[in-house]
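A.B. asks: The following block contains the structure, expressed as structure tokens.
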């Protein structure tokens, strides 16, 4: 028996918005510790890793490990039937072929119940090595979304450079080019870009903006985002989900042909 | 020209 209660539907809604464009179907792996999901996009270029800790949810129980195969678009549609503030319970019996959703209104005067068919999903689980990154940049998630959106109007790829001066995003296209630089600034003045950079080595890497655009769908989950980079390894983009967990994205770089 | 790397080049199958 698996059952997780969220005080508000909004966290689940936002998690689905942050994953559904990248993966169609995914196994939600539920254990005594919590809920984990790891899935690659169909082209095997990016990966999303979600972790929600059971002990930080309103209530949580999971006696036996269970893998729930979920069509993310269907789950998104069902969650749209909940108001943001509805208390939300998701439940599945061991060996169940459905997941049950219960939405309770704030005043507890309305209860909705939906069942969603589960799927058998063959997914390839990747082992992600522990990595010491050369550069980790913490910045506003809104600012990161803005930069990705702006540079997508110029080109398909972004070159990210991190050095002791700060971080620079650059794009080139047929019609022109653009760069956005943010200075590392430890002061917390109003209006400053307010980024922190933890740097051991300068790095310069290229990435497809198309995937970064998918990642920025997680911005409503957190005011901040962290970008971790090392030469010749995938970028890691992390959004914390309050005290409950995180959503991490990995993106393989564009490399010299 | 740069080409898109795949994740399999970096992460092994678990």
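Chains as they are written, first to last, in the numbering used here: chain U, 240 to 496; chain C, 260 to 273. Backbone N, C-alpha and C define an ideal beta-carbon position, used for all residues, glycine too. None of the values given here were measured: they were computed from a predicted structure.
Go ahead and label residue 486 of chain U buried or exposed: buried means 16 or more other beta carbons lie within 10 angstroms of its beta carbon, across all protein chains shown.
C.D. replies: Buried, by the Cβ-count rule.
A.B. asks: Report the residue ranges of all alpha helix (DSSP H) runs contained in full by the stretch 323-378 of chain U; include only those spanning at least 4 residues, in chain order.
C.D. replies: Runs of the alpha helix (DSSP H) inside the stretch 323-378 of chain U: none found.
A.B. asks: Would you call the stretch 388-395 of chain U in contact with the stretch 366-374 of chain U, where contact means no fewer than 3 C-beta pairs closer than 8 Å?
C.D. replies: no
A.B. asks: Pull out every residue of the stretch 437-453 of chain U whose Cβ sits closer than 7 Å to any Cβ of chain C, in chain order.
C.D. replies: Across the stretch 437-453 of chain U, CB contacts with chain C closer than 7 Å involve 445, 447, in sequence order along the chain.
A.B. asks: Let me confirm a value: residue 320 of chain U is counted as buried when at least 16 other C-beta atoms fall within 10 Å, else exposed. Which label applies?
C.D. replies: By the C-beta density criterion, residue 320 of chain U is exposed, having fewer than 16 other C-beta atoms within 10 angstroms.
A.B. asks: Just list the beta strand (DSSP E) runs in the stretch 381-443 of chain U, keeping only unbroken ones of 3 residues or longer that don't cross its boundaries, in chain order.
C.D. replies: 396-402, 405-412, 415-422, 435-438
A.B. asks: Any contact between the stretch 338-353 of chain U and the stretch 437-451 of chain U? By contact I mean 3 or more CB pairs, one from each, below 8 Å.
C.D. replies: no
A.B. asks: Please return the same chain residues whose Cβ sits closer than 7 Å to the Cβ of residue 387 of chain U, not counting the five positions on each side in sequence.
C.D. replies: 448, 451, 452, 455
A.B. asks: Taking just the CA atoms, how far does residue 297 of chain U sit from residue 491 of chain U?
C.D. replies: 36 Å
A.B. asks: Taking the straight line between their C-alpha atoms, what separation do you get for residue 275 of chain U and residue 261 of chain U?
C.D. replies: 16 Å
A.B. asks: If you measure between the beta carbons of residue 257 of chain U and residue 460 of chain U, is that distance less than 9 Å?
C.D. replies: Against a cut-off of 9 Å, the Cβ pair of residue 460 of chain U and residue 257 of chain U comes out as a contact.
A.B. asks: Straight-line CA distance for residue 359 of chain U to residue 265 of chain U?
C.D. replies: 10 Å
A.B. asks: Which residues does DSSP pair with residue 274 of chain U in a beta bridge?
C.D. replies: U:269, U:291
A.B. asks: Kindly indicate the opening and closing residues of the beta strand (DSSP E) around residue 464 of chain U.
C.D. replies: 463-468
A.B. asks: So, residue 403 of chain U versus residue 323 of chain U, is the Cβ gap smaller than 9 Å?
C.D. replies: no
A.B. asks: Taking 9 Å as the threshold (C-beta atoms), are residue 475 of chain U and residue 434 of chain U in contact?
C.D. replies: no
A.B. asks: Using a Cβ-Cβ distance under 9 Å, would residue 373 of chain U count as near chain C?
C.D. replies: no
A.B. asks: In this structure, how does DSSP classify residue 248 of chain U when only helix, strand and coil are distinguished?
C.D. replies: helix
A.B. asks: Measuring only the C-alpha atoms, how far is residue 356 of chain U from residue 280 of chain U?
C.D. replies: 22 Å
A.B. asks: Quick check: what's the CA-CA separation for residue 283 of chain C versus residue 420 of chain U?
C.D. replies: Any property of residue 283 of chain C remains undetermined from this structure, which presents chain C solely from 260 to 273.
A.B. asks: Inspect the beta-carbon positions of residue 301 of chain U and residue 338 of chain U and report whether they are closer than 9 Å.
C.D. replies: Contact flag unset, no.
A.B. asks: Residue 286 of chain U versus chain C: which residues are under 8 Å apart at the beta carbon?
C.D. replies: 266, 270
A.B. asks: Give me the Cβ distance between residue 284 of chain U and residue 262 of chain C, rounded to the nearest whole Å; I'm assuming they're in contact under 8 Å.
C.D. replies: Incorrect: roughly 11 Å between the Cβ atoms, too far for contact.
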